[in-house]
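Student: The sequence shown lines up with residues 68 to 322 when you count with my numbering.
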Amino acid sequence: MGKASSSKKVARAARAGGRRSAGSRQRDLLFPSVIGVIVLLGVALIAFAANDRKTESTIAPAVNKDHWHAAFGIYICGKFQPAPPQFESPIGIHTHGDGVIHIHPFTSGGAGKNATLGNFLKGTDPRISLSDDELKIGKKSWKVGDQKCDGKDAELILAQWKDVQNTKEKPTLIRRDFGSTRFRENGEGYTIAFVKEGTTDIPKPESAAQLAQLGSADAGGAATSLPAGQQPTTTAGGQSPGTTAPATATTKPGG
Numbered sequence: 068m069g070k071a072s073s074s075k076k077v078a079r080a081a082r083a084g085g086r087r088s089a090g091s092r093q094r095d096l097l098f099p100s101v102i103g104v105i106v107l108l109g110v111a112l113i114a115f116a117a118n119d120r121k122t123e124s125t126i127a128p129a130v131n132k133d134h135w136h137a138a139f140g141i142y143i144c145g146k147f148q149p150a151p152p153q154f155e156s157p158i159g160i161h162t163h164g165d166g167v168i169h170i171h172p173f174t175s176g177g178a179g180k181n182a183t184l185g186n187f188l189k190g191t192d193p194r195i196s197l198s199d200d201e202l203k204i205g206k207k208s209w210k211v212g213d214q215k216c217d218g219k220d221a222e223l224i225l226a227q228w229k230d231v232q233n234t235k236e237k238p239t240l241i242r243r244d245f246g247s248t249r250f251r252e253n254g255e256g257y258t259i260a261f262v263k264e265g266t267t268d269i270p271k272p273e274s275a276a277q278l279a280q281l282g283s284a285d286a287g288g289a290a291t292s293l294p295a296g297q298q299p300t301t302t303a304g305g306q307s308p309g310t311t312a313p314a315t316a317t318t319k320p321g322g
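#1: Curious, which full-length beta strand (DSSP E) runs of at least 3 residues does the segment 162-186 contain?
#2: Report the rounded CA-to-CA distance for Lys-132 versus Gly-145, giving the unit in angstroms.
#3: Can you tell me which of the three DSSP states Thr-300 falls into?
#4: Output the residue ranges of the alpha helix (DSSP H) runs that lie fully inside the segment 213-293 and measure 4 residues or longer, sorted by chain position.
#5: Let me check understanding here. Comparing Cα to Cα, which of His-161, Leu-278, Lys-271 lies closest to Gly-140?
#6: Among Ala-178, Ala-137, Thr-183, whose alpha-carbon lies nearest the alpha-carbon of His-169?
#7: Among the residues of its own chain, which have a CB less than 7 Å from the CB of Asp-230, if the five just before and after it don't count?
#8: Please classify Leu-240 as buried or exposed, where buried requires at least 16 neighbouring CB atoms within 10 angstroms.
#9: Under 6 Å Cβ to Cβ from Lys-189, same chain only, skipping five residues before and after it: list those, please.
#10: Going along the chain, which residues of its own chain have a beta-carbon closer than 6 Å to the beta-carbon of His-171, five neighbours each way excluded?
#11: Which word fits Ser-175, buried or exposed, when buried means at least 16 other C-beta atoms lie within 10 angstroms of its C-beta?
#12: Report the option in Lys-219, Leu-223, Gly-103 whose CA atom is closest to the CA atom of Ser-208.
#13: From this set, Thr-258, Asn-186, Ala-129, Glu-155, which residue's C-alpha is nearest Ala-226's C-alpha?
#14: Which stretch, first to last residue, makes up the beta strand (DSSP E) that contains Phe-139?
#15: What three-state label does DSSP hand Val-104 in the structure shown?
#16: Between which two residues does the beta strand (DSSP E) holding Lys-207 run?
#17: Which residues mark the beginning and the end of the beta strand (DSSP E) in which Glu-201 is found?
#18: Please state whether the Cβ-Cβ distance between Pro-151 and Phe-173 is less than 8 Å.
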């Protein structure tokens, strides 16, 4: 009895030891597998981030590749304002004082998702700034609720055409987040309009009819031909300011 009982105990201990050894081996195999998965995920994330950074500079308009032009105008209470004066830009979105936005990115800061109306306006002088309810040109401003047009409440609208020179279609009307509006193709048109509430008939920029001709000015500097009333005069600093003062909106009594 004593020997048999001892033999059974030894057998049970051996089986238990075998089970522990198998479990230990499974854990030993599982650990490197988990580490391998983590490493693979890390490599994939790094590759994705690198590709994403590369894509930013290759999305049209691409750096040192695409060369686009868009007609641009500011329309206040029924009157177009002078075209923004000529300026250069380190990111490659600028104007020659011709009522045209010249878009040929030099860096990723002006390419792809960064090719925006807001980035163009940052280079203007006098500075043009635009929020959902206010347009400023230098020290002048037109704010929804403060100024009126012809005695009527006014609003800010951004009118956008995909093929401004050739289309007869009505524009897309954008009513907020104006600065984030992206330039997506060559030949677009943009009119920033401060107009009576409910206005949908926003005119094309005055440069629209000559967009192709004006766009060719990139090869030689200032444009040689401009819409009537917008012929620039060159200053000592190379700027080309407009000749007509901005229109003055009607101010509410007490404002």
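C-beta: ideal position from N, C-alpha, C; glycine also.
Tutor: From the atom records:
#1: Counting only runs of 3 or more, we get 167-170.
#2: Between the alpha carbons of Lys-132 and Gly-145 lies a gap of roughly 38 Å.
#3: Below a pLDDT of 50, predicted positions are generally treated as unreliable, and Thr-300, at 33, falls in that range; no measurement from the model is reported.
#4: DSSP runs (the alpha helix (DSSP H)) wholly in the segment 213-293: 278-282.
#5: Taking only the C-alpha atoms, the option nearest Gly-140 is Lys-271.
#6: Of the candidates Ala-178, Ala-137, Thr-183, the residue whose Cα lies closest to the Cα of His-169 is Ala-137.
#7: Exclusion of the five residues before and after Asp-230 leaves Gly-254 as the residues of its chain whose Cβ lies within less than 7 Å of its Cβ.
#8: Exposed, by the Cβ-count rule.
#9: Counting only Cβ-Cβ distances below 6 Å, and skipping sequence neighbours, we find nothing.
#10: If we look at His-171 and ignore the five residues flanking it on each side, its Cβ neighbours are His-134, Gly-159.
#11: By the 10 Å Cβ count, Ser-175 comes out buried.
#12: When each option's Cα is compared against that of Ser-208, the closest is Leu-223.
#13: Ranking the options by Cα distance to Ala-226, first place goes to Thr-258.
#14: That run of the beta strand (DSSP E) goes 135-143.
#15: For Val-104, the three-state secondary structure derived from DSSP is helix.
#16: The continuous beta strand (DSSP E) containing Lys-207 extends over residues 207-210.
#17: Per DSSP, Glu-201 is one residue of the beta strand (DSSP E) stretching across 201-204.
#18: Inclusion of Pro-151 and Phe-173 in the CB contact set at 8 Å is not warranted, their separation being larger than that value.
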